[in-house]
Amino acid sequence: MSQKPEFHDRMLSLGLARVAEQAAIASAALIGNGDEKAADQAAVNAMREQLNLLDIAGVVVIGEGERDEAPMLYIGEEVGTGEGPGVDIALDPLEGTTLTAKDMPNALTVIAMGPRGSMLHAPDTYMDKLAIGPGYPENVVSLDMSPAERVAALAKAKNCEMSDITVCILERPRHEDMIAEVRGTGASIRLITDGDVAGVMHCAEAEETGIDMYMGRGGAPEGVLAAAALKCMGGQMWGRLHFRNDDERARAAKTGITDLDRVYSRDEMVTQDVIFAATGVTGGSLLPRIKRTPGWIETETLLMRSKSGSVRRMTYRAPVDQTS
1 MSQKPEFHDR MLSLGLARVA EQAAIASAAL IGNGDEKAAD QAAVNAMREQ
51 LNLLDIAGVV VIGEGERDEA PMLYIGEEVG TGEGPGVDIA LDPLEGTTLT
101 AKDMPNALTV IAMGPRGSML HAPDTYMDKL AIGPGYPENV VSLDMSPAER
151 VAALAKAKNC EMSDITVCIL ERPRHEDMIA EVRGTGASIR LITDGDVAGV
201 MHCAEAEETG IDMYMGRGGA PEGVLAAAAL KCMGGQMWGR LHFRNDDERA
251 RAAKTGITDL DRVYSRDEMV TQDVIFAATG VTGGSLLPRI KRTPGWIETE
301 TLLMRSKSGS VRRMTYRAPV DQTS
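When we follow the UniProt record's numbering, the leftmost residue of the sequence shown carries the number 1, and every step to the right adds one.
Now the structure itself:
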């Protein structure tokens, strides 16, 4: 039996960028039209089509849900030609479907790829997340700290006042106490309505985005995607799965998770070098929006490799009828 080729991130990176790019282009016509499902489905279809052109033996480990819940790009789906290296794929064909439907900032198409077995097979449950950017001592903040303690510890490490810290939090009723406690320290809060992969990524570019820390509870699959991004960009992240019922605990058992209280660091969620690509859809602090002019379409994609630490920003401009 022949052995699968090795994972060469450099050779696959441009192909991965194209996957993110085409998913964004597919959703472009649906920006602001109010139909979340249609925008998501358009991105899913384009991403799946492009993945199946790559010479990989890919398995979706972070996808659109369980097989019986998602017609395409479900967890466990095999993608690619089957001729190349075995790879794990984490993806969100349209991170921010509501943002896209309402034409609000920070909708992205997001995908990460690494060698087989490199990413945590996170069940479709919640995850408590905490992230900061690069340049700080290891474990300067932790999930076991209260929100106020995290702000105080980060301010001390940054050698600034707590009022100089900005925290990004997903605006949800479940975070009301956290928001009140953080504001009680004097810190500022950047509330986001959706898109917590982008929220975590903002920490890695604090000088550009003004965000020092991300905290709060969101989807576990998005947590793994965010960890892949930070592995490329630099920064620290921790995640702990949160289960609301026995069904969600059963989902964890199905993916092989037995320690339900474990705190995963960034490098435990993503254990090997990965490549990561994101294309802006509606635009925001990280990436500009898709530009549509008569007969033309233009996108910008962020392409990163954790092995080399390289970050590329790629502009793609093409006639509308030549974008496939």
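Beta carbons: idealized from backbone N, C-alpha and C, even for Gly.
- According to the DSSP assignment, arginine 262 belongs to no beta strand (DSSP E), since it is labelled neither H nor E.
- Buried is the label assigned to histidine 202, since at least 16 other Cβ atoms lie within 10 Å of its Cβ.
- Counting only residues of its own chain and dropping the five nearest sequence neighbours on each side, glycine 82 has a CB closer than 6 Å to the CB of Ala57.
- Rounded to whole angstroms, methionine 233 and valine 224 show a C-alpha spacing of 14 Å.
- For aspartate 103, the closest C-alpha among the options Pro319, Thr282, Tyr316 is that of Thr282.
- With fewer than 16 other Cβ atoms inside 10 Å of its own Cβ, arginine 313 counts as exposed.
- Going by DSSP, leucine 225 is part of no beta strand (DSSP E) but of the alpha helix (DSSP H) stretching over 220 to 233.
- DSSP places methionine 104 in no alpha helix (DSSP H); its state is neither H nor E.
- Burial check for leucine 191: the Cβ neighbour count within 10 Å stays below 16, so the residue is exposed.
- About 6 Å separates the CB atoms of valine 274 and serine 118; that is less than 8 Å, so the two are in contact.
- Residue state for glycine 309 is assigned as coil, using DSSP reduced to three classes.
- When Cβ pairs closer than 8 Å are counted between the two stretches, the region 155 to 168 is seen to touch the region 208 to 221, the count reaching three or more.
- Uninterrupted alpha helix (DSSP H) stretches at least 4 residues long and entirely within the region 236 to 295 occur at 246 to 254, 266 to 269, given in chain order.
- With 16 or more other Cβ atoms from the protein chains shown falling within 10 Å of its own Cβ, histidine 175 counts as buried.
- With a threshold of 16 other beta carbon atoms within 10 Å, proline 173 falls short and is exposed.
- Burial state of proline 85 is buried, judged by a 10 Å Cβ sphere holding 16 or more other Cβ atoms.
- With the rule of 3 Cβ pairs closer than 8 Å, the region 17 to 28 counts as touching the region 298 to 317.
- DSSP, reduced to helix, strand and coil, places leucine 16 within a helical segment of the structure shown.
- Sequence-distant Cβ neighbours of alanine 122 in its own chain, meaning closer than 6 Å and more than five residues away, are Ala220, Pro221, Val224.
- Counting only unbroken stretches of 3 or more residues, the beta strand (DSSP E) elements lying wholly within the region 157 to 204 are 166 to 170, 188 to 192, in sequence order.
- Within 10 angstroms of the beta-carbon of lysine 254 lie fewer than 16 other beta-carbons, which makes it exposed.
- Straight-line spacing of the CA atoms in glutamate 138 and leucine 154 works out to 11 Å.
- Ranked by Cα distance from tyrosine 316, the options Thr258, Pro288, Glu205 are led by Pro288.
- Boundaries around valine 87 are those of the beta strand (DSSP E), 86 to 95, since no alpha helix (DSSP H) includes it.
- Two segments are said to touch when three or more pairs of C-beta atoms, one from each, lie closer than 8 Å; by this definition the region 32 to 41 touches the region 91 to 105.
- Excluding its 5 nearest sequence neighbours in each direction, glycine 235 has C-beta neighbours in its own chain below 7 Å: Ala131, Ile132, Gly133, Pro134, Cys203, Ala204, listed in chain order.
- About 23 Å separates the CB atoms of valine 182 and alanine 229; that is not less than 8 Å, and the two are not in contact.
- Taking glutamate 77 as the centre and dropping the five residues before and after it, the same chain places the C-beta of Val60 closer than 6 Å to its C-beta, in chain order.
- Our two residues, threonine 271 and glycine 295, have alpha carbons roughly 43 Å apart in a direct line.
- Spatial neighbours of proline 115 in its own chain (CB-CB distance under 6 Å, excluding positions within 5 residues in sequence) are listed in chain order as Phe7, Gln272.
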